[in-house]
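Numbering (mature numbering (1 follows the signal peptide of the UniProt record, and there is no 0)), first residue to last: -28 to -1, 1 to 292. Glycine included, every Cβ here is placed at the ideal spot set by N, Cα and C. See below for the structure under consideration.
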Amino acid sequence: MNKKLNRRKFVTRSAAGVGGLLIGSPLAANQKQFFSDNEEGHTSSEKPGHFDLMKEVMKYRKIDAHAHIYFTDKSPEEQLEQGQRMGIDQQVISRYLSVMLGTPEQFREYNDLTIKAMKKYPDQLLGGFVLNPHYKKESLEEIDRCADAGMIGTGELYYQVKINDPLYFPIIEKLIDMKMIIFSHAECQLGVGGYRMKYDGHKEPNTSIPEDFVDVAKRYPEGIFQFAHIGGGGDWEYMCKALADSPNVYVDTSGSNNAEGMIDFAVETLGEDRLFFASDNSYYQGVGKILASNLTETQKKKVFFDNYNNLLKKGGRNVD
């Protein structure tokens, strides 16, 4: 049975709407004119048509710039299936180190898992490697090993070292030489009365925050930095404002947070060329928040695919 969905409710509540796709329901909706269709902001008096939500989801080519695989029997097939339902052509996968020592044995094991998955599904999975700058020699060697295996850049680097710590400098310099994207986990707690992250909210002391990215991006203006998940539950307005004058820092849109206006604010603050579509494995939320934005068709295409792929082209690692 087809379900009907008011298009305006879809615009403001897209995550819930797109979530219906995961259970395989073909969705149709009563279509009303967007305010953007009428410069005066008035709705049309014409009889509503029908809006094919699945057609809207599938019409954009997509690279998911932030996804993960796990040590389970269902991975990566489970992630592939969910991504394909959302029309995601490629996922950039990694197995992050999270809160652990991140020894060479650990990051090699995690990278081997990613290599195995990307070799099994070469048309759908792009591999990102993880490392730990505390182990300089082993990390530099691991970059070469993973590049030889066809990986495109770093996966989500985690809590072990701040992105602007001098321990990272030789790694960043090597990644710049290889024209690879430098991708790191990042956080920023919600601010109250000027309060910002003081690491007393059960946060690791080496968590990278926006100011750390600003610092390292200024030191390495030729670097390409990816700031993880503005939709991860932190203060996305503060994140975007802090990064506004760092043109070589790109933000990915991933996370299960679907705050209204987030994508529009990010484009207004950072520009349409500095956003990467990403899910962090929240697939329908990831797609829904882009579709629910007021971005133009050209801007949506950039965010969903072109922005990330254009940077991959710098190192000859693009997907087309």
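For a cut-off of 8 Å, the C-beta gap from Gly258 to Phe249 is around 7 Å, short enough to register as a contact. If the five residues before and after Lys88 are omitted, its C-beta is found closer than 8 Å to no C-beta atom of its own chain.
In this structure, the CA atom of Lys285 is about 18 Å from the CA atom of Ile65. Note that the C-beta distance between Val275 and Leu283 is not below 8 Å. The alpha carbon of Asp84 has as its nearest neighbour, out of Ser47, Glu145, His22, Phe101, the alpha carbon of Phe101. Burial check for Glu77: the Cβ neighbour count within 10 Å stays below 16, so the residue is exposed.
Unbroken beta strand (DSSP E) runs of no fewer than 3 residues, entirely contained in the stretch 173 to 228, are found at 197 to 199, 221 to 224, following chain order.
Inter-residue distance for Glu232 and Val221 is about 23 Å (C-alpha atoms, whole angstroms). Here Ile144 has Ile154, Val188, Tyr192, Gly195 as same chain residues with Cβ atoms under 8 Å from its own Cβ, once five neighbours each way along the sequence are excluded. Per DSSP, reduced to three states, the secondary structure at Asp95 is coil, with no helix or strand assignment. The stretch 18 to 34 and the stretch 206 to 226 do not touch, with fewer than 3 CB-CB distances between them shorter than 8 Å. Residue range 35 to 40 is occupied by the beta strand (DSSP E) that includes Ala39, with no alpha helix (DSSP H) assigned at that position. Following the DSSP letters along the chain, one finds Ile135 in no alpha helix (DSSP H), marked with neither H nor E. Residue pairing by DSSP places Ile153 in no beta bridge whatsoever. A Cβ-Cβ contact shorter than 8 Å links Tyr131 with His157. Looking at Ile124, Met152, Asp116, Tyr280, the one whose alpha-carbon comes closest to that of Asp245 is Tyr280. For the options Ala121, Ile148, Tyr68, Arg80, the alpha carbon positioned closest to that of Ala39 is the one of Tyr68. Around the beta carbon of Asp292, fewer than 16 other beta carbons lie within 10 angstroms, which makes this residue exposed.
DSSP places Gln78 within a helical segment (H, G or I) once states are collapsed to three. In the three-state reduction of the DSSP assignment, Phe43 falls in the coil class, being assigned neither a helical nor a strand state.
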